[in-house]
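Undergrad:
Number of protein chains: 2
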Amino acid sequence: MAEMSMSLDGFVADENDGVDELFGWYFNGDVVMPFSGGEFRVSEASAEFLRPVFAGGRIGALLTGRRNFDLAQGWGGRHPVGCPVFVVSHSVPDGWPRPGTTFHDDALVALEAARAAAGDRDVVVATPSLIRQYLAAKVLDEIVVSLVPVLLGRGTRYFDALGDTPVRLSDPAIVAGRAVTHLTYQVLR
Amino acid sequence: MAEMSMSLDGFVADENDGVDELFGWYFNGDVVMPFSGGEFRVSEASAEFLRPVFAGGRIGALLTGRRNFDLAQGWGGRHPVGCPVFVVSHSVPDGWPRPGTTFHDDALVALEAARAAAGDRDVVVATPSLIRQYLAAKVLDEIVVSLVPVLLGRGTRYFDALGDTPVRLSDPAIVAGRAVTHLTYQVLR
Numbered sequence: 001m002a003e004m005s006m007s008l009d010g011f012v013a014d015e016n017d018g019v020d021e022l023f024g025w026y027f028n029g030d031v032v033m034p035f036s037g038g039e040f041r042v043s044e045a046s047a048e049f050l051r052p053v054f055a056g057g058r059i060g061a062l063l064t065g066r067r068n069f070d071l072a073q074g075w076g077g078r079h080p081v082g083c084p085v086f087v088v089s090h091s092v093p094d095g096w097p098r099p100g101t102t103f104h105d106d107a108l109v110a111l112e113a114a115r116a117a118a119g120d121r122d123v124v125v126a127t128p129s130l131i132r133q134y135l136a137a138k139v140l141d142e143i144v145v146s147l148v149p150v151l152l153g154r155g156t157r158y159f160d161a162l163g164d165t166p167v168r169l170s171d172p173a174i175v176a177g178r179a180v181t182h183l184t185y186q187v188l189r
Numbered sequence: 190m191a192e193m194s195m196s197l198d199g200f201v202a203d204e205n206d207g208v209d210e211l212f213g214w215y216f217n218g219d220v221v222m223p224f225s226g227g228e229f230r231v232s233e234a235s236a237e238f239l240r241p242v243f244a245g246g247r248i249g250a251l252l253t254g255r256r257n258f259d260l261a262q263g264w265g266g267r268h269p270v271g272c273p274v275f276v277v278s279h280s281v282p283d284g285w286p287r288p289g290t291t292f293h294d295d296a297l298v299a300l301e302a303a304r305a306a307a308g309d310r311d312v313v314v315a316t317p318s319l320i321r322q323y324l325a326a327k328v329l330d331e332i333v334v335s336l337v338p339v340l341l342g343r344g345t346r347y348f349d350a351l352g353d354t355p356v357r358l359s360d361p362a363i364v365a366g367r368a369v370t371h372l373t374y375q376v377l378r
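Chains as they are written, first to last, in the numbering used here: chain A, 1 to 189; chain B, 190 to 378.
(1) Please list the terminal residues of the continuous alpha helix (DSSP H) segment that includes residue 34/A.
(2) Within the 9 Å Cβ cut-off, does residue 21/A reach chain B?
(3) Is there contact here, the region 317-331 of chain B with the region 281-299 of chain B, by at least three beta-carbon pairs under 8 Å?
(4) Return the CA-CA distance between residue 6/A and residue 180/A, expressed in angstroms with no decimal places.
(5) Contact defined as beta carbons within less than 8 Å: I believe residue 242/B pairs with residue 230/B. What is the distance between those atoms, to the nearest angstrom?
(6) Considering residue 335/B, what are the terminal residues of the beta strand (DSSP E) in which it resides?
(7) Looking at the unbroken beta strand (DSSP E) that takes in residue 122/A, where does it start and where does it end?
(8) Between which two residues does the alpha helix (DSSP H) containing residue 210/B stretch?
(9) Using the three-state DSSP reduction, which class does residue 265/B fall into: helix, strand or coil?
(10) Please list the partners that residue 330/B has in chain A, where partner means a Cβ-to-Cβ separation under 7 Å.
(11) Under 9 Å, do residue 315/B and residue 273/B count as touching if we go by C-beta distance?
(12) Strictly under 9 Å for the Cβ-Cβ distance: is residue 153/A near chain B by that measure?
(13) Only counting the same chain, and skipping five residues up and downstream in sequence, which positions put a Cβ closer than 6 Å to that of residue 190/B?
(14) Keeping to the same chain, check which residues put their C-beta closer than 7 Å to that of residue 36/A; ignore five residues upstream and five downstream.
(15) Do the region 87-101 of chain A and the region 150-161 of chain A touch if we need at least three Cβ pairs shorter than 8 Å?
(16) Ordered along the chain, which non-local residues of its own chain (more than five positions away) have a Cβ less than 6 Å from that of residue 337/B?
(17) What residue does the alpha helix (DSSP H) around residue 278/B start on, and which one ends it?
(18) What three-state label does DSSP hand residue 49/A in the structure shown?
(19) Can you pull out the residues from the region 351-364 of chain B whose beta carbon lies closer than 9 Å to at least one beta carbon of chain A?
(20) For chain A, check one thing: does any of its Cβ atoms lie closer than 9 Å to the Cβ of residue 198/B?
(21) Check whether chain B comes within 9 Å of residue 26/A, counting only Cβ atoms and requiring the distance to be less than that.
(22) Given a cut-off of 9 Å on the beta-carbon distance, is the pair residue 357/B and residue 150/A in contact?
(23) Please name the residues in the region 77-101 of chain A whose beta-carbon is closer than 9 Å to at least one beta-carbon of chain B, in chain order.
(24) In chain A, which residues lie less than 9 Å from residue 374/B when you measure between Cβ atoms?
(25) Verify the CB distance criterion: does residue 254/B have a CB-CB separation below 9 Å to chain A?
(26) Kindly list the residues whose CB is nearer than 8 Å to the CB of residue 247/B, restricted to its own chain and excluding five residues on each side of it in sequence; keep chain order.
(27) Is any beta-carbon of chain A found at less than 9 Å from that of residue 323/B?
(28) Please tell me whether residue 189/A has its Cβ less than 9 Å away from any Cβ of chain B.
(29) Can you have a look at residue 232/B and say buried or exposed, based on whether 16 or more other CB atoms are within 10 angstroms of its CB?
(30) Relative to the alpha-carbon of residue 256/B, which residue among 377/B, 228/B, 351/B and 275/B has its alpha-carbon at the smallest distance?
(31) Report yes or no: is there a C-beta of chain A within less than 9 Å of the C-beta of residue 314/B?
(32) When burial is assigned at 16 or more other CB atoms within 10 Å of the CB, is residue 361/B buried or exposed?
(33) Looking at the unbroken alpha helix (DSSP H) that takes in residue 66/A, where does it start and where does it end?
(34) Can you give me the C-alpha to C-alpha distance between residue 140/A and residue 189/A, rounded to a whole angstrom?
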C-alpha cells in the first residue's frame, strides 16, 4: 500500500523537501492522536481515516527510501506508527541499523523482508521512487492519496516517470477531511 | 472557472493528445445528456455534476487555446455546451471566425470578451496554458477537477510550470461518480 499527502498538482514535497503546505491536516483539528514522538490533532473525519493505522495495528511494516529516512532522521529509531522500518539504500549510515530498522540495497528484497515482518498486516510504502518500482513490478495493491487543496508548482512528485502505463485503479473510498481529501484506490490487474 | 478531466498523476491528455482513458465517465452510465453534436451517457452522480452545465445554462462562455481548438476541429462551430467560444491564438485559421467563435491573441483580452458575453454566467477555461496564465493573473476563482482513477505516466499536465505558488484552495465540493470523482475548489485569496 502506498500512502502520501499530495498537492492537487501532484507534489509530495516542495523543492526544498518542505511539507508544511501538505501536512497541515495533521494539526488542524480537535481529535488527539498520540504517537511515540508526539501527537497529531486532526479533524474527526481525518481521525476516522487514521484510526485503523494507529489504533488498529493495520500497518505491519514501512518501506522507505534513504532520502526520506535521512530527512526524518530515521524517526529516532521509532516510526510514529510503531512498526518496523525497512530502508532501501545502497549504504548503511553511521549508527545504523538498530532494532526495528533494517537496510536493504534491493527494493524487492526489502519488500520480501517487510512482508515477512508484517504477516497479515499491511506493508506501507511512502517514497515515490519505491512506489514507482513496485508499480512497475506489479506488486502494489493499494494507493492512498491524501489530497491537499493547494498548488505547489514544483517539488517532488508522488507519481513520476512511471512505466508500463496506463495503470487503472478502482473508484476511491473517499473521506472528506479538513484541508484534505483522503482517497483510497485499489490497483486493478 | 477551470474545468478538466485529470488522471490521478495529473494529466489531461496522453502524449498523443488522447483522452480515451480520461473521458470514459462521459459514456459509462444510463443517464442520457444530449448536446448539439451527440449525447453523453453518464452515471446518475455525474449527471448531477453536469446538469447545471447543460440544463442550467450556467456556462456563459468558453475560453480555449488554439491547440485544443484544432484538436476538436472547432467543435464544428458549435461547442457541446452551446455557449460562445473564445480562442486565444496568434493567428486565425482558414474558415474562421464564425458566429459564436472568435479569436484573440491576448489571453486577458480574450477573458474580457468572454466575460462580456457571459454576463452573470460562468466563464469556463479548459486549456492548461490558459489556466496557468489566469492563475498567475489571479483572475481564476474556481478549479474543477474531474479526477479519473488511472495513472497515465506522461502527457499534458493540468497544472504545469505554475508561478506565484503556493496557490491555496478551499476544501472541495465532492461528487463521487463512476470512474471519476468530481472535485470543485474555490481559489483562496
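Every residue, glycine too, gets a C-beta built ideally from N, C-alpha and C.
TA: This is what the structure holds:
(1) Element bounds for residue 34/A: not the alpha helix (DSSP H) but the beta strand (DSSP E), 31-35.
(2) yes
(3) yes
(4) 9 Å
(5) Taking C-beta atoms under 8 Å as the contact rule, residue 242/B and residue 230/B fail to qualify, at a distance of about 16 Å.
(6) 331-337
(7) Element bounds for residue 122/A: 122-125.
(8) That residue, residue 210/B, is in no alpha helix (DSSP H); it is neither H nor E in DSSP.
(9) The DSSP-derived three-state label of residue 265/B is helix.
(10) Those within 7 Å of residue 330/B in chain A number zero; the least Cβ separation is about 14 Å.
(11) no
(12) yes
(13) 311, 313 and 331
(14) 78, 80 and 82
(15) no
(16) Cβ within range, chain order: 194, 196, 211 and 369.
(17) From DSSP, residue 278/B is part of no alpha helix (DSSP H); its letter is neither H nor E.
(18) DSSP, reduced to helix, strand and coil, places residue 49/A within a helical segment of the structure shown.
(19) Taking 9 Å as the Cβ-Cβ cut-off, the region 351-364 of chain B approaches chain A at 351, 352, 353, 354, 355, 356, 357, 358, 359, 360, 361 and 363, given in chain order.
(20) yes
(21) no
(22) yes
(23) none
(24) 8 and 149
(25) No, residue 254/B does not count as interfacial toward chain A.
(26) 241, 310 and 311
(27) no
(28) no
(29) By the 10 Å Cβ count, residue 232/B comes out buried.
(30) 275/B
(31) no
(32) buried
(33) 66-71
(34) 10 Å
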